[in-house]
Amino acid sequence: MLAQILKFAESDTSDGWAHREIRLQEAIQLFETAAIREFRNAYEASDINGEMRRYAHVLWYLNGGQSAIDSFLHHNHIITRKGELGRVSDCIDPETLEVKVEHTQAFFTRFGVAFNEEIEAINGAFPKDLEVALPFLDKASVNVLSPFLTSLFDELHR
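For the sequence shown, the numbering used here assigns the number 59 to the initial residue and increments by one for each residue that follows.
Given below as structure tokens:
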């Protein structure tokens, strides 16, 4: 509804139109901020198919959903809890300086489980027209996998 009012306001050319448009933009910004907060709260409460879905769709109608995508990418658990996946030091035998395959495999197993959970959240909450999975994969690769593998190889080449 707010998006439709904004479209309608673009046809307003009477005196004071700029001031009214600014006030409308401010109201929309307040609404968007509240919707993002509710979206994030629902995510943290694991209410994926309920409130998170509701607010992802609200933000999609309001502004194309980019703010919901940005919030999800910034606050998703695979990034914020990456320390729980495992440490590089656990994957290297300190005496032989060789890779402990079981520990390394455990890291990737935990990563895979967490990644699939986040993909389920994406599929459950976001409108199908929004591209969230690829930016999420990119962010998880850059912020979790790449640092882990880089550190692992750095430790092995010392």
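Ideal Cβ positions, reconstructed from N, Cα and C, are used throughout, including at glycine.
When the alpha-carbon of residue 170 is set against those of 100, 216, 198 and 86, the nearest one is in 198. Comparing C-alpha distances from residue 93 to each of 130, 168 and 212 shows the shortest one belongs to 130.
In this model, residue 85 and residue 181 are separated by some 30 Å (Cα to Cα). Rounded to the nearest whole angstrom, the CA to CA distance from residue 120 to residue 214 is 50 Å. By the C-beta criterion, the region 132 to 141 is judged not to be in contact with the region 149 to 160, since fewer than 3 inter-stretch pairs fall below 8 Å. The DSSP-derived three-state label of residue 190 is coil.
For residue 129, the enclosing alpha helix (DSSP H) starts and ends at 124 to 133. The shortest CA-to-CA distance from residue 104 to any of 200, 175, 191 and 194 is the one to 175. For residue 209, the enclosing alpha helix (DSSP H) has its first and last residue at 204 to 214. Close CB contacts of residue 107 within its chain, under the 8 Å cut and outside five residues either way in sequence, are with 182 and 183 (chain order).
Ranked by Cα distance from residue 211, the options 193, 146, 167 and 135 are led by 146. In its chain, beyond the 5 residues on either side, 136, 137, 140, 143 and 169 have a beta carbon closer than 8 Å to the beta carbon of residue 202.
Spanning the alpha carbons of residue 133 and residue 207 requires a straight line of approximately 22 Å.
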